[in-house]
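Position in the sequence shown (from 1) plus 33 gives the number in my numbering.
Yeah, the Cβ is synthetic: ideal placement off N, Cα and C, and Gly gets one too.
Predicted, not measured: the structure shown is a model, and the values here were computed from it.
Quick notes on the structure that follows.
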Amino acid sequence: MPPAQRSEHTPSYADIARAFDTDLKCELEDSCKNLARSLIKLVQSFDNISVQLHSLDLQAIIPPVKPQWKRIRKVADERDIWMPLADSFGCDIQEFIELVSLLRVNALNCSARIRMFSSVILPLACRPCLNQRSYNEKTHVLQSFMSNSAEQATFTFQLTHRAISLNSAVSEFISELSRLETLQGRGAQKELYDLVEKVSLLKNSIDRRVLSQLSLLHLAHRATLVCPNASHLVWTTFRLIMCAGKRSARTKLDKYPPIVDGSISHISQCSQMIQANLDELAHAQYACQIATRTPNMLSIARVAVSEMIPNQFLIPEALLGFLTAIWLQLKADCTLLSEWVYKGGETPALIDLFTSSGSTIYTSFADYLDICAQTMDLD
């Protein structure tokens, strides 16, 4: 694949580093805290729904549904962490807890790698090679760093597939609850059908955005995407902030139209579709509420699951998208750095930025990831 042509309006590496101004850094810190807290609240939501389903099972008016919601899934091979859930519509609380725990580990791993890149790899790359021994040392450290980072990026890829499987299970579960509610004559069939359809559309739009980002990661691993535009990382960061409810990020993003150019234009289009699907889902939820004649335990459980879905779908995906963008940019920077060390030539932009200001586009990200991981601790 030939490298994308750089538009005259595309921000430079230094421009992107400066885009993270003081206000945005404060917003990013708050957003990481808020999203991590939201994940903890989602765990509580799973617990509360389990209690509701248990009460529903005790009525014995429909087949038991709590075991389908809260079933401990046995994984034969722990390395295969994106294996689909065992049930056709089962979604267990343990699976989500494991997802949150692994997401926390991934954030800490990513933080450690970018700290090492800024404090060890870049200074070493800038150091002149006085002899063959120093040159061999430099290339060995760089290759080792790239190899280890690639393994961690693969972990993010696997974890993202696990999140997709969990979303599918929740989508199937709300479909089953709606079907039971219709069979029991507890709700309006048309409105419930529409609710299930809107949940499915939202899930599919999120899946498309996730897979679009992962395709960039695949290209980076195959070294066919040598230098993705660093604006992908900026755009993903803005999206993380907006997912946390910081509307001011939209105003800041509007000032950087080139950010949605090139390789991330499709991802941006998926995001617009997701917002439209969220609005449609909210309307469908309201329509079901109006159409439900008399609230009962089955409809209450269905409402609880459907109201949890937007956050359960979007928050892990926003954090995983942020991590994916960091790994992708780190891969691109390491590739350029490696070529520069081996072949010489024009000094890479990240070296110019580091030697002139001592900073990188990752300078603050490690702190935010640490904050996120600390807040996400389930112990």
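- The beta carbons of Ile-348 and Ser-71 sit closer together than 7 Å.
- One alpha carbon belongs to Asn-344, the other to Phe-398, and they sit about 23 Å apart.
- Counting the other CB atoms within 10 Å of its CB gives Cys-143 a total of 16 or more, which places it among the buried residues.
- For Leu-356, the uninterrupted alpha helix (DSSP H) run begins and ends at 330-376, by DSSP.
- In this structure Ile-147 is in contact with Ile-359, their Cβ atoms being roughly 7 Å apart against a cut-off of 8 Å.
- A contact between stretches requires three or more CB pairs, one per stretch, nearer than 8 Å, and the stretch 52-68 fails this requirement with the stretch 333-340.
- For Thr-325, the closest alpha carbon among the candidates Phe-188, Gln-222 and Leu-157 is that of Gln-222.
- Shown here, Tyr-395 sits in coil according to DSSP, grouped into three states, outside any helix or strand.
- Nearest to Ile-197 by alpha-carbon distance, out of Leu-132, Met-149, Asp-312 and Gln-176, is Leu-132.
- Per DSSP, Glu-313 is one residue of the alpha helix (DSSP H) stretching across 298-324.
- Under the 10 Å beta carbon count, Lys-376 is surrounded by fewer than 16 other beta carbons and is classified as exposed.
- Ranking Leu-311, Arg-212, Ile-323 and Phe-346 by CA distance to the CA of Asp-240 puts Phe-346 first.
- Sequence-distant Cβ neighbours of Pro-381 in its own chain, meaning closer than 7 Å and more than five residues away, are Leu-369, Leu-370 and Trp-373.
- Following the DSSP letters along the chain, one finds Glu-170 inside the alpha helix (DSSP H) bounded by residues 165-216.
- In the structure shown, Ser-71 adopts helical secondary structure according to DSSP, grouped into three states.
- For Arg-148, the secondary structure class from DSSP, reduced to helix, strand or coil, is helix.
- For Val-267, the enclosing alpha helix (DSSP H) starts and ends at 264-276.
- Remark: C-beta atoms of Ala-277 and Asn-67 approach each other more closely than 7 Å.
- Distance from the Cα of Asn-181 is smallest, within the candidate group Phe-387, Gly-391, Lys-364 and Glu-379, for Lys-364.
- A direct Cα-to-Cα measurement between Thr-327 and Gly-218 gives close to 11 Å.
- In the DSSP assignment, Ile-384 falls within the unbroken alpha helix (DSSP H) covering 382-390.
- In the three-state reduction of the DSSP assignment, Thr-408 falls in the helix class, which pools H, G and I.
- Taking all protein chains in view, the Cβ of Val-203 is crowded by 16 or more other Cβ atoms within 10 Å, so the residue is classified as buried.
- Leu-175 and Cys-162 have their C-alpha atoms some 14 Å from each other.
- Counting of Cβ neighbours within 10 angstroms places Leu-61 among the buried residues, the total reaching 16 or more.
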